[in-house]
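J.:
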Amino acid sequence: MSFILKTIVILISICSIASLPYLVGSFNAAGDSFGVYPIEYIKEIGTTLIGLFNFYILEETTFDGVQINFDYLLEAYQYSMSLLMIALFISFTAVLVMLYGYHFLSGRMKKAVNWLLVLLDCIPDVLLIVLFQLGVIYLYQTTGFKLFQLYGIGDPVYLLPIICLSLTPTILLLKMSLTIKDEESEKLYVDFAYAKGVTRSNVFLVHMLRNMMLSITNHFSLIYWMMLSSLIIIEYLFVIQGFTLILYKVNESTLLAVAILLFLIPYLIMNWLFNKLHRRLVIDEG
């Protein structure tokens with residue numbers, strides 16, 4: 451499929467998703483009604499598609515006291531994506547560091563690590579975030595020491611939202627990576643490298659990590675979209691007026707389509723980079 455055709459399909463799909471409320475509801479000055487309205491839905495898809503190419507002249511609208519215009523979109527998008535990208539980088543970096551340390555653990559310690567990861571994976575995202583918030587509040591009440599700024603009222607907050615956003619993907623990615631690592635450790639080339647006197651560190655960094663990266667980066671799509679859903683929860687719980695506000699508060703199809711498209715662009719770029727990395731690793735291996 452050509453690039454132009456793919457782009458058209460993606461844009462129509464985004465507009466179709468953003469216009470879904472108009473399939474089951476009619477919203478006009480006379481009042482709202484619910485049913486099935488395929489004609490209105492198709493019209494709204496066309497209106498949304500046209501609006502995508504004119505969103506930079508978007509009229510200012512207000513939702514829940516928040517004025518949403520083009521300047522707000524740019525500022526909120528930069529803020530939300532900085533939280534998402536930093537948390538994503540921390541997750542992948544932390545997993546690689548912990549994988550390296552796991553490589554040197556004894557069998558008993560490895561079992562303990564796997565058991566701990568299963569336990570942590572059972573804890574819901576929201577509970578982890580609330581526990582962090584309560585811990586910071588309790589510390590402040592008992593000692594007067596303000597460890598983190600909790601809520602984004604007035605000033606942007608970064609540290610605690612990034613920590614909370616990176617926790618769940620780190621746990622999930624580490625679980626999957628440890629399974630991949632254990633499978634890789636049983637392959638013959640690892641035993642052959644040890645027999646030649648190669649150190650454990652070099653075996654992991656030079657030989658195993660390259661093969662593991664092929665499998666680890668295959669889970670990028672799952673991690674990215676899971677972090678995006680967590681970002682919505684985090685921005686809500688931390689009272690952050692970020693870009694995800696549009697996804698659950700704004701009932702304007704064009705705004706929703708713009709939000710989906712702008713979250714999709716970084717994903718497509720990183721997915722393309724990972725595919726290039728895959729091909730490079732396969733060529734080098736061959």
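When the sequence shown is numbered by the numbering used here, its final residue is 736 and no position is left out of the sequence of numbers. C-beta atoms are modelled at their ideal positions from N, C-alpha and C, and glycine is treated no differently.
(1) Would the beta-carbon of ILE696 fall within 8 Å of that of LEU687?
(2) Whose C-beta lies closer than 8 Å to the C-beta of LEU623 among residues of the same chain, with five residues either side of it excluded?
(3) Quick one: is SER616 buried, meaning 16 or more other Cβ sit within 10 Å of its Cβ, or exposed?
(4) VAL586 to ILE690, Cα distance in whole Å?
(5) Along the chain, where does the alpha helix (DSSP H) containing PHE642 start, and where does it finish?
(6) Which residues in the same chain have their Cβ closer than 8 Å to the Cβ of LEU570, if we skip the five residues on either side of it in sequence?
(7) Does the segment 626-639 come into contact with the segment 655-666, if we say contact requires no fewer than three beta-carbon pairs (one atom in each stretch) closer than 8 Å?
(8) Output the boundary residues of the alpha helix (DSSP H) element that contains GLN528.
(9) Between the alpha carbons of ILE710 and ARG558, how many angstroms are there, rounded?
(10) For PHE582, which of helix, strand or coil comes out of DSSP?
(11) Nearest by alpha-carbon distance to ILE682: which of ASP575, ASN652 and TYR644 is it?
(12) Nearest-angstrom Cα distance between ILE492 and ILE454?
(13) Buried or exposed: where does PHE503 fall if 16 or more other Cβ atoms within 10 Å of its Cβ makes it buried?
(14) One question on the structure: do GLY692 and GLU685 come within less than 8 Å of each other, judged by their Cβ atoms?
(15) Buried or exposed: GLU636, going by 16 or more other Cβ atoms within 10 Å of its Cβ?
(16) Would the beta-carbon of THR529 fall within 8 Å of that of PRO619?
(17) Give the straight-line distance between the Cα atoms of TYR527 and HIS728, rounded to the nearest whole angstrom.
(18) Within 10 Å of its beta-carbon, does LEU555 have 16 or more other beta-carbons around it, so buried, or fewer, so exposed?
(19) PHE670 lies in the alpha helix (DSSP H); which residues open and close that run?
(20) By the DSSP assignment, the alpha helix (DSSP H) with THR795 in it spans what residues?
(21) Count the other CB atoms, across all protein chains shown, that sit within 10 Å of the CB of PHE642; report buried if there are 16 or more and exposed otherwise.
(22) What number of angstroms, rounded off, separates the C-alpha of ILE715 from the C-alpha of ASN564?
(23) For LEU742, which of TYR639, VAL708 and LEU589 has the nearest alpha-carbon?
(24) So, is TRP722 buried or exposed, given that buried needs 16 or more other C-beta atoms within 10 angstroms?
(25) Would you mind giving the Cβ-Cβ distance between LEU533 and TYR608, rounded to the nearest angstrom? I have them listed as a contact below 8 Å.
(26) Rounded to whole angstroms, how far is the Cβ of LEU578 from the Cβ of CYS614, which I believe are closer than 8 Å?
(27) Taking TYR491 as part of the alpha helix (DSSP H), name the residues at either end of that continuous run.
(28) DSSP state of LEU555, grouped into three classes?
(29) Short of 7 Å in beta carbon distance, which residues of its chain neighbour GLU494, apart from the five on each side in sequence? Order them along the chain.
T.: On the basis of the supplied data:
(1) no
(2) SER541, PHE542, VAL545, ILE666, HIS669 and ILE673
(3) Buried: at least 16 other Cβ atoms inside 10 Å.
(4) 17 Å
(5) 638-645
(6) ILE621
(7) yes
(8) 520-552
(9) Between ILE710 and ARG558, the C-alpha separation is close to 45 Å.
(10) In this structure, PHE582 counts as helix in the three-state DSSP scheme.
(11) ASP575
(12) 22 Å
(13) With fewer than 16 other Cβ atoms from the protein chains shown falling within 10 Å of its own Cβ, PHE503 counts as exposed.
(14) yes
(15) Classification of GLU636: exposed, given that the 10 Å Cβ count is below 16.
(16) Before going on, a small fix: residue 529 reads as Tyr here, not Thr. Not a contact, by the Cβ cut-off of 8 Å.
(17) Spanning the two alpha carbons is a distance of roughly 29 Å.
(18) By the 10 Å Cβ count, LEU555 comes out exposed.
(19) 670-687
(20) The shown model of the chain, from 451 to 736, leaves out residue 795, and the question about it has no answer.
(21) exposed
(22) Taking the straight line joining both Cα atoms gives about 35 Å.
(23) This structure leaves residue 742 out entirely; the chain is present only between 451 and 736.
(24) exposed
(25) 7 Å
(26) 7 Å
(27) 488-502
(28) coil
(29) SER469, TYR472 and SER703
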